[in-house]
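The structure appears right after this line, and notes come after that.
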Amino acid sequence: MKFGLTTEQQLLVEAIRGFVETELMPYEEEVERTDKVRPELIAQIKERAIRAGFYAANMPEELGGGGLDHVSLTLMERELGRTSFALHYVVARPSNILRACKGDQIERYLLPAIRGERVECLAMTEPGAGSDLRSMKTRAVRQGDQYVINGTKHFISYADVADFIVLFAASGEESTAKGSRKMITSFLVDKGIPGLEVRMGPKSVSHRGYHHCELVFADCRLPASQILGEEHRGFDVANTWLGATRLTVATQCVGRAQRALEMATKWAATRQQFGQTIGKFQGTSFKLADMATEIAAAELLVLNAAWKTDQGTAMDQDYAMAKLYATEMLARVTDNAVQIFGGMGLMAEVGVERLWRDARVERIWDGTSEIQRHIISRALLRPQED
Amino acid sequence: MKVLVAVKRVIDANVKVRVKTDGSGVETANVKMAMNPFCEIAVEEAVRMKEAGVATEIVAVSCGGASCAETLRTALAMGADRGIHVQTDLALQPLGVAKLLKAVIEKEQPKLVITGKQAIDDDSNQTGQMVAGLLGWAQGTFASKLTVEGEQLRAKREVDGGLETVLLKLPAVVTTDLRLNEPRYASLPNIMKAKKKPIEALTPDALGVDPTPRLTVLKVIEPPKRKSGTKVKTVAELVEKLRNEAKVI
Numbered sequence: 027m028k029f030g031l032t033t034e035q036q037l038l039v040e041a042i043r044g045f046v047e048t049e050l051m052p053y054e055e056e057v058e059r060t061d062k063v064r065p066e067l068i069a070q071i072k073e074r075a076i077r078a079g080f081y082a083a084n085m086p087e088e089l090g091g092g093g094l095d096h097v098s099l100t101l102m103e104r105e106l107g108r109t110s111f112a113l114h115y116v117v118a119r120p121s122n123i124l125r126a127c128k129g130d131q132i133e134r135y136l137l138p139a140i141r142g143e144r145v146e147c148l149a150m151t152e153p154g155a156g157s158d159l160r161s162m163k164t165r166a167v168r169q170g171d172q173y174v175i176n177g178t179k180h181f182i183s184y185a186d187v188a189d190f191i192v193l194f195a196a197s198g199e200e201s202t203a204k205g206s207r208k209m210i211t212s213f214l215v216d217k218g219i220p221g222l223e224v225r226m227g228p229k230s231v232s233h234r235g236y237h238h239c240e241l242v243f244a245d246c247r248l249p250a251s252q253i254l255g256e257e258h259r260g261f262d263v264a265n266t267w268l269g270a271t272r273l274t275v276a277t278q279c280v281g282r283a284q285r286a287l288e289m290a291t292k293w294a295a296t297r298q299q300f301g302q303t304i305g306k307f308q309g310t311s312f313k314l315a316d317m318a319t320e321i322a323a324a325e326l327l328v329l330n331a332a333w334k335t336d337q338g339t340a341m342d343q344d345y346a347m348a349k350l351y352a353t354e355m356l357a358r359v360t361d362n363a364v365q366i367f368g369g370m371g372l373m374a375e376v377g378v379e380r381l382w383r384d385a386r387v388e389r390i391w392d393g394t395s396e397i398q399r400h401i402i403s404r405a406l407l408r409p410q411e412d
Numbered sequence: 005m006k007v008l009v010a011v012k013r014v015i016d017a018n019v020k021v022r023v024k025t026d027g028s029g030v031e032t033a034n035v036k037m038a039m040n041p042f043c044e045i046a047v048e049e050a051v052r053m054k055e056a057g058v059a060t061e062i063v064a065v066s067c068g069g070a071s072c073a074e075t076l077r078t079a080l081a082m083g084a085d086r087g088i089h090v091q092t093d094l095a096l097q098p099l100g101v102a103k104l105l106k107a108v109i110e111k112e113q114p115k116l117v118i119t120g121k122q123a124i125d126d127d128s129n130q131t132g133q134m135v136a137g138l139l140g141w142a143q144g145t146f147a148s149k150l151t152v153e154g155e156q157l158r159a160k161r162e163v164d165g166g167l168e169t170v171l172l173k174l175p176a177v178v179t180t181d182l183r184l185n186e187p188r189y190a191s192l193p194n195i196m197k198a199k200k201k202p203i204e205a206l207t208p209d210a211l212g213v214d215p216t217p218r219l220t221v222l223k224v225i226e227p228p229k230r231k232s233g234t235k236v237k238t239v240a241e242l243v244e245k246l247r248n249e250a251k252v253i
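Same order as they appear, the protein sequences are chains A and B.
Note that the first sequence ends on residue 412 in my numbering; no numbers are left out.
Note that the second sequence ends on residue 253 in my numbering; no numbers are left out.
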């Protein structure tokens, strides 16, 4: 069993850290204050990320990506996780689901996404379909060579900036042993086509500058050639390509928690009360010890799941455990960081309240903690059941 | 033009250095190490010269224990073409390093040697000057701007009184100051390429150099902690204290 990083992985971590500190961190305060990333700043970050080869680092080399294995990618995501989500999202890691592109979809969507010419977003969630995704009401009805889409999606992250959407819609029903259930088809939808309206969603407490939108489809017509994957097999496409995104959430949480710990440690070592630094009080120092221990545990879970992915042995529950533990760990660590800072911790200028706010969404998106527990417990119980 | 860059492995600049309890040196066990920041500037300058078409090949050299290979990989990932590792576990001092570098330089025949002006561990600020002295080459120390002009090198130097510009005849040795450039973060393709770039291992014996330390470190102690000051109520009291306690006026 080897826990050490290769020389390349060490160099990668150093390089990404340098990129984050030079190109992203200086703009954190601006993004928090204005709740947006200026288009010129997006262009600047994108250009420098492409030049450094970090853009689309998750995509295979033969497609023009960085060709990183999962452990390296997880390390990269951890380092990116240290800074503002809205900023590091510009250093795009295009959704792996685009790898399902076929025929001319490759030249129209996949390759431009890797080259940084086009940006995608994923549309699954609806007001009535959150964790219960299959209950989605957005319909795709086939009419000859076309599909007519009707319905509303919400919480669609980055739809304001994206150029195209990977849409999931109910395309019919099938009967199974457990009764009838909806069949889902995924489509590639260009923003700006008739019948699709994109509205800004309500303001979120987490990740300022990274917005979500409402997508309203009203008799929006799509040619059958816009299907991503196979008709009615939308969830298969998602399951094939989106499993590891939970690992991305988890590893970014580790990076953010490390930043919170560093800030809290520095503060505890310098802030004086009752004639000594507050780090000398056990109430503070034991908090720091617990934070460091939990971060290390989460990191091991995350890297182990990444390593298993590279070995081809990762199970759903590996990702679920990593995501569950890392996101809940981040909540505790950032809460403790605020507590160590005391009243100052709540001040925007200090920066630790941002980490605390940003932590909240991580337990909800990409599968809530409850869904992750469901996955883990099903993996335990199902083999014992008849 | 071939450029040779010397790189040193030191305790990372962000680490708070601790003195060993026995006073024999500073704690290096389980401490994060990195390339000396002035050496990073040296590598960056060489890479920029290569990008500008002035340099044709960049050779990075490091002297020290096995882990120095990691520092060389960093240089290769930044854009150096190949590495030379002079392996020794001796605690090297500037003169020893200068002699080793001289031997490597005579073997490699570069037109330009760039080193950091000093390393952030011992702050000696000697190696570059010693290399130039041993070779009998021109030297431009504390450089904040370098321009190659044919067979000459124009170096702007940061000196006490301001900036001094000198014209050096090549071959020459240059040491870098902070403002020469801002080193880059390595790019992903270069990190991947770094693995395949060669690092040649040499020994002091093979180079015919004896780098045994000539100086003995007697004791390393932490600088005294700064004491808190006193508040004075009047100017007269201040003057009185400066005159009679501090004895500075």
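We put the CB at the ideal spot given by N, CA and C, even for glycine.
Counting the other CB atoms within 10 Å of its CB gives K121 (chain B) a total of 16 or more, which places it among the buried residues. By the Cβ test, the region 222-236 of chain B is not in contact with the region 102-109 of chain B, since fewer than three Cβ pairs between them sit closer than 8 angstroms. Contact with chain A is found for M196 (chain B), since one of that chain's Cβ atoms lies less than 8 angstroms from the residue's Cβ.
If you compare the alpha carbons of B:V239, B:D209, B:V243, B:K251 with that of L94 (chain B), the shortest gap goes to B:D209. Of the residues A:K349, A:E396, A:Q284, A:H180, the one whose Cα lies closest to the Cα of V359 (chain A) is A:Q284. Taken in chain order, the unbroken stretches of alpha helix (DSSP H) that lie wholly in the region 85-125 of chain B and span 4 residues or more are 98-112. The region 297-314 of chain A makes no contact with the region 149-161 of chain A, as fewer than three CB pairs between them are under 8 angstroms. Using beta-carbon distances, E34 (chain A) counts as an interface residue toward chain B, with a partner under 8 angstroms. Residue B:I45 holds the alpha-carbon nearest to the alpha-carbon of A147 (chain B) among B:I45, B:I253, B:N248. Remark: C-beta atoms of V152 (chain B) and R161 (chain B) do not approach each other more closely than 8 angstroms. The region 92-108 of chain A makes contact with the region 332-348 of chain A: 3 or more CB pairs, one atom from each, lie closer than 8 angstroms. R119 (chain A) is classed as buried because its beta carbon has at least 16 other beta carbons within 10 Å across all chains shown. Residues of chain A with a Cβ closer than 9 angstroms to the Cβ of S191 (chain B) are, in chain order, A41, R77, A78, G79, F80. Residue pairing by DSSP puts L8 (chain B) in a beta bridge opposite B:V63, B:V117.
Within chain B, the residues whose beta carbon sits less than 7 angstroms from that of A83 (chain A) are L192, listed in sequence order. Residue pairing by DSSP puts N176 (chain A) in a beta bridge opposite A:R165.
Inter-residue distance for L139 (chain B) and T220 (chain B) is about 26 angstroms (C-alpha atoms, whole angstroms). In the DSSP assignment, D189 (chain A) falls outside any beta strand (DSSP E), carrying neither H nor E. Per DSSP, reduced to three states, the secondary structure at A17 (chain B) is coil, with no helix or strand assignment. For Q143 (chain B), the uninterrupted beta strand (DSSP E) run begins and ends at 142-153, by DSSP. Counting only Cβ-Cβ distances below 8 angstroms, E74 (chain B) has contacts in chain A at T33, Q36, in chain order.
Taking a beta-carbon distance threshold of 8 angstroms, R77 (chain B) counts as an interface residue toward chain A. Shown here for G255 (chain A): same chain residues with a beta carbon closer than 7 angstroms to its own, the five before and five after excluded, namely A126, S212, D262, V263 in chain order.
In terms of beta-carbon proximity, F45 (chain A) lines the interface with chain B, with at least one pair separated by less than 8 angstroms. In the same chain as L192 (chain B), and ignoring 5 residues on each side of it, no C-beta atom comes closer than 7 angstroms to its own.
Listed along chain A, the residues sitting closer than 8 angstroms to K199 (chain B) by beta-carbon distance are T33, E34. The continuous alpha helix (DSSP H) containing H96 (chain A) extends over residues 96-106. At a cut-off of 8 angstroms between C-beta atoms, A136 (chain B) does not count as an interface residue with respect to chain A. Annotation: A250 (chain B) has no Cβ neighbours in chain A at a cutoff of 8 angstroms; minimum Cβ distance is about 27 angstroms. Secondary structure at P228 (chain B): coil, using DSSP grouped into helix, strand and coil.
Restricting attention to beta strand (DSSP E) runs no shorter than 3 residues, the region 186-211 of chain B encloses them at 203-206, ordered along the chain.
For I366 (chain A), the uninterrupted alpha helix (DSSP H) run begins and ends at 342-367, by DSSP. Between the C-alpha atoms of R297 (chain A) and R22 (chain B) there is a straight-line separation of about 21 angstroms. Going by DSSP, A139 (chain A) is part of the alpha helix (DSSP H) stretching over 137-141. According to DSSP, T303 (chain A) shares a beta bridge with A:Q298.
Within the same chain, Cβ atoms closer than 6 angstroms to the Cβ of T178 (chain A) are found at V242, the five residues on either side in sequence being excluded.
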